[in-house]
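J.: In the numbering used here, the protein residues as written are 79 to 386.
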Amino acid sequence: MYIVKRLLTMIVTVWLIATLTFIIMKSIPGDPFASDANVLPEEVLQNIRAKYNLDKPLPVQYVLYMKNLLTFDLGPSIQSETRDVNTLIADGFPVSAVLGLQSLVIAIVFGILLGIIAALNHNRLLDHLAMFLAIIGISVPSFILAPLLIKYFAVEWKLLPVASWGTWAHSILPSVALATTPMAVIARFMRSSMLEVMRQNYIKTAEAKGLSPAAIVIKHGIRNAILPVITFIGPLFAVLITGTFVIEKIFAIPGLGKYFVDSIFNRDYPVILGTTVFFSTILVITLFLIDISYRLIDPRIKLTSKGD
């Protein structure tokens, strides 16, 4: 029953997002062809607007949009006549997914490692240094860090490519820029969890049995401390996969985020609506799967909701 309710909630959520995005787009004065009014004849403009159903009343446009959405037809792109929205998503999302996954791996590996180092050196130099770096990572947004990385690692030191996409080297700077803030959050989270675990009685029991410090940390400390961190990594995965817009624009990466940003400046309504619905669907599905996976991680969590 819980899963059925969640599925219905997902459908309603995506519908609400699609509807609100449609209303917001249509509430903006003008249309994508307003700048061509002084260049093209009125008859040509009318034909172009008719091609994209912009000449129809808003309720009719909404019904047509929802009808196409049900058949997974996101419509044509206004700016890219050779590719429709479905094609743009098929071309751009794999790039965004790779970037998001690389950033997630960097954030998890180095975040957990930094948190463990800080916890095992509690109130010592390494702890203070690790948490200082974490605070900087949280405080500096990715769109500020990205130009700094480009300036030093690409322009001045010439260690990595400036921008674009194609090789593994091209993905390093954008992945690091995107991963820094979540890495810092994971580090602080892991440190707190590790400190709490290391105070538990079973750690003292393991010490009394003569287990080596390394065995205690690995078998009893990290293993138990990482469970609360996993619950945070799940939503973080969804955010990184769908939140690469600014980084893709800065590094000229041909991902779906860049297409989305370009569509906003070009007022390409079909691309804006299509990518918003697609990202929303990916986000709600990912969060749903994360909720289900929690049951596998911790059997104490039941797949029930209030009233069941």
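Even for Gly, the Cβ is constructed at its ideal location relative to N, Cα and C.
Where does PRO154 fall in DSSP's three states?
T.: Taking the first residue of the sequence shown as position 1, residue 154 is located at position 76. Three-state DSSP puts PRO154 in a strand.
J.: Between which residues of its own chain and GLY178 is the CB-CB distance below 7 angstroms, once the five residues before and five after are set aside?
T.: Against the sequence shown, residue 178 aligns to sequence position 100. Here the set comprises LEU318, ILE319, THR322.
J.: In angstroms with no decimal places, state the Cα-to-Cα distance between VAL218 and VAL324.
T.: Walking along the sequence shown from the start, residue 218 turns up at place 140. Walking along the sequence shown from the start, residue 324 turns up at place 246. Computed Cα separation, rounded: 14 angstroms.
J.: Mind checking who ASP391 pairs with in its DSSP beta bridge?
T.: In the structure as shown, the chain begins at 79 and stops at 386. Residue 391 is therefore absent and cannot be evaluated.
J.: With a 10 Å radius around its C-beta and 16 neighbouring C-beta atoms as the bar for buried, classify LYS336 as buried or exposed.
T.: Numbered from its first residue, the sequence shown carries residue 336 at position 258. Per the 10 Å Cβ criterion, buried.
J.: Buried or exposed: where does GLU274 fall if 16 or more other Cβ atoms within 10 Å of its Cβ makes it buried?
T.: In the sequence shown, counting from the first residue as 1, residue 274 sits at position 196. Answer is exposed; the Cβ neighbour count stays below 16.
J.: Per the contact definition of three or more C-beta pairs closer than 8 angstroms, is the segment 309–317 in contact with the segment 200–212?
T.: No: the two stretches stay apart, fewer than three of their Cβ pairs being nearer than 8 angstroms.
J.: Going by DSSP, what residue range makes up the alpha helix (DSSP H) through VAL240?
T.: As a first step, residue 240 must be located in the sequence shown, where it is residue number 162. Careful: VAL240 lies outside any alpha helix (DSSP H) and carries neither H nor E.
J.: Exposed or buried, LYS282, counting other C-beta atoms within 10 Å across all chains shown (16 or more means buried)?
T.: Stepping through the sequence shown from its first residue, residue 282 is reached at position 204. LYS282 should be labelled exposed.
J.: Can the beta-carbon of GLY352 be found less than 8 angstroms from the beta-carbon of LEU118?
T.: Position 274 of the sequence shown, counted from the first residue, corresponds to residue 352. Position 40 of the sequence shown, counted from the first residue, corresponds to residue 118. Not a contact, by the Cβ cut-off of 8 angstroms.
J.: Whose C-beta lies closer than 6 angstroms to the C-beta of LYS327 among residues of the same chain, with five residues either side of it excluded?
T.: Walking along the sequence shown from the start, residue 327 turns up at place 249. Result list for LYS327: LYS336, VAL339, in chain order.
J.: In this structure, how does DSSP classify GLY215 when only helix, strand and coil are distinguished?
T.: Here residue 215 is taken as the residue at index 137 of the sequence shown, counted from 1. Helix.
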